[in-house]
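K.L.:
I'd like to ask some things about the structure below.
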Amino acid sequence: MTISVNELITTAPGASCDADLAEGPWAFDLSPGYGPGASEDDVIPDPVVRPGQLPVAYQRMSDDELHARIRAAKETLGDRLVILGHFYQRDEVVQHADFVGDSFQLANAALTKPDAETIVFCGVHFMAETADILARPEQHVILPNLAAGCSMADMADEDSVEAAWEELMELYADEEGADEDTSDGRASVVPVTYMNSSAALKAFCGRHGGIVCTSSNAATVLEWAFEQGRRVLFFPDQHLGRNTGKAMGVPLEQMPMINPRKPGLGVDRQELLDARVLLWPGFCSVHKRFTVAQIDQARAQFPGVKVVVHPESPMPVVDAADAAGSTDFIRKFVAASEPGDVIAIGTEINLVNRLAADYPDRTIFCLDPVICPCSTMYRIHPGYLAWVLDGLLEGEVRNEIVVADDVATHAKVALERMLAALPK
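Residue 1387 in the numbering used here sits at position 207 of the sequence shown; the count goes up by one each step and never skips.
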């Protein structure tokens, strides 16, 4: 029998980064922070408060009643509805998803259901924005809980990126060539934003000849970007940018991390001129928890253990692991293992727990012994899913995510480039 992460927290709250995780997320919907979990200590920017509140009736329903309502609504709505669930969602939500995947897979999955009237995205805000950008105009995209944001995405705001870009353009204007173009026809710098970013930043990339990437196709995207320009401005995740660039042979000294709040971006002028990848100081609160010490402990406890981590982890962790890759890569890594293998995984606990349940003949565990889910992914709960589906039955589209046309137009350009950059 599969034991969900929420049940693990309930039975052993002392092993969790915050026992409040086991409570209903509606208790934190109106608070200014991200809620209990891995990003609870991250400072949320004031403009990025996305309040939501679940009606009390749904807060008081039993789990069985909520699941029954969801199943009944899905049966009634039929092909008019498609539910997307990210790998990091809790089991109680994933069981109702029509598609389960990482951000790249779900972006593609949404395109396979052009006749669905409504896309319910069980993920976080930037994912729902992406689905709305790629959806047909008449399709509705719903985020069950509007408080489900992303602390990494909030670490790069449009104003800061625009200001840094202007400073870089002024610096690189001194290079041979005119404006943003060099003598060989390549741009001086190409913006690349990780999927974990706002629609506004995806649109920024679309306007400036840039592209979006996911952890699945980051290397392919960087190869494309280097064909277009001499350098890449990579945001918001420093670790994915650094790990991907290093794996491609880019020297660390050519991948400085800029600071948009410091004069000259906090980097020596010559270093900026010599750079190939300019990194933004963002990170994932889940993946920064993994350490080399945890890997050493796993190897000491289980000689022969295989260690696989997500590339959002710090570089020393990626270097110490046996393999690194996207959530889908990690799933395939486990699938390719043999019965009896011991596998330590450095990624979000819901996925690790699900893989351990799927492969009971292997020993699979999370590198971080503390149960600490993604704070914002955990904001999606069956109660919110039942509420928005009941709304559809009543003819009401609740928690719809709508990206403004002027933003969507440019963001779609960058996203379509991403979709064409297939992972190798």
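Positions of the beta carbon are idealized from the N, C-alpha and C atoms, including for glycine.
1) Is the region 1232-1251 touching the region 1563-1576, taking contact as three or more C-beta pairs under 8 Å?
2) Hey, out of A1315, V1583, H1490 and R1441, whose CA is closest to A1343's CA?
3) With a CB to CB cut of under 6 Å and the five nearest residues on each side skipped, what residues in its chain are close to M1677?
4) Mapping the DSSP letters down to three states, classify P1562 as helix, strand or coil.
5) Starting from the C-beta of I1224, find all residues in its chain whose C-beta is less than 8 Å away, skip the five residues before and the five after it, and write them out in chain order.
6) Alpha carbon to alpha carbon, how far is G1365 from P1553? Give it in angstroms, no decimals.
7) Between the Cα of A1383 and those of K1604, D1585 and L1602, spot the shortest distance and give me the residue it belongs to.
8) Tell me whether E1580 sits in a helix, a strand or coil according to DSSP, three-state version.
9) Report back the beta-carbon spacing between V1185 and N1530 to the nearest angstrom; my notes put them in contact at under 8 Å.
10) When burial is assigned at 16 or more other CB atoms within 10 Å of the CB, is R1511 buried or exposed?
11) Would you kindly report the start and end of the unbroken beta strand (DSSP E) that includes A1327?
12) Measuring CB atoms only, is the region 1182-1202 touching the region 1281-1291, in the sense that at least three cross pairs come out at less than 8 Å?
13) Could you tell me which of T1589, D1221, L1547 and H1388 sits nearest to M1349, measuring between CA atoms?
14) Touching or not, the region 1318-1328 and the region 1407-1426, by the rule of three or more beta carbon pairs under 8 Å?
15) For T1543, report the span of its beta strand (DSSP E) as first-last.
16) Is G1575 helix, strand or coil by DSSP?
17) Output the boundary residues of the beta strand (DSSP E) element that contains G1281.
P.N.:
Walking through what the data contain:
1) As far as the Cβ criterion goes, the region 1232-1251 touches the region 1563-1576, which means the pair count is three or higher.
2) For the residues A1315, V1583, H1490 and R1441, the minimum Cα distance to A1343 belongs to R1441.
3) Outside the shown range of the chain, which is 1181 to 1604, sits residue 1677, and nothing can be said about it.
4) Correct three-state label for P1562: helix.
5) The answer, listed in chain order, is P1212, G1213, Y1214, G1329, S1331 and D1334.
6) Spanning the two alpha carbons is a distance of roughly 46 Å.
7) Nearest to A1383 by C-alpha distance, out of K1604, D1585 and L1602, is D1585.
8) Reduced to three states, the DSSP call for E1580 is strand.
9) At roughly 5 Å, the Cβ-Cβ gap stays under 8 Å, so V1185 and N1530 are in contact.
10) Result: buried.
11) Neither: A1327 is in no beta strand (DSSP E) and is coded neither H nor E.
12) Taking a cut-off of 8 Å on C-beta distances, the region 1182-1202 does not touch the region 1281-1291, as fewer than three cross pairs fall below it.
13) Measuring from the Cα of M1349, the nearest candidate turns out to be H1388.
14) Short answer: they don't touch.
15) For T1543, the enclosing beta strand (DSSP E) covers residues T1543 to C1546.
16) Residue state, collapsed to three classes: coil.
17) F1279 to G1281 is the span of the beta strand (DSSP E), which, as asked, contains G1281.
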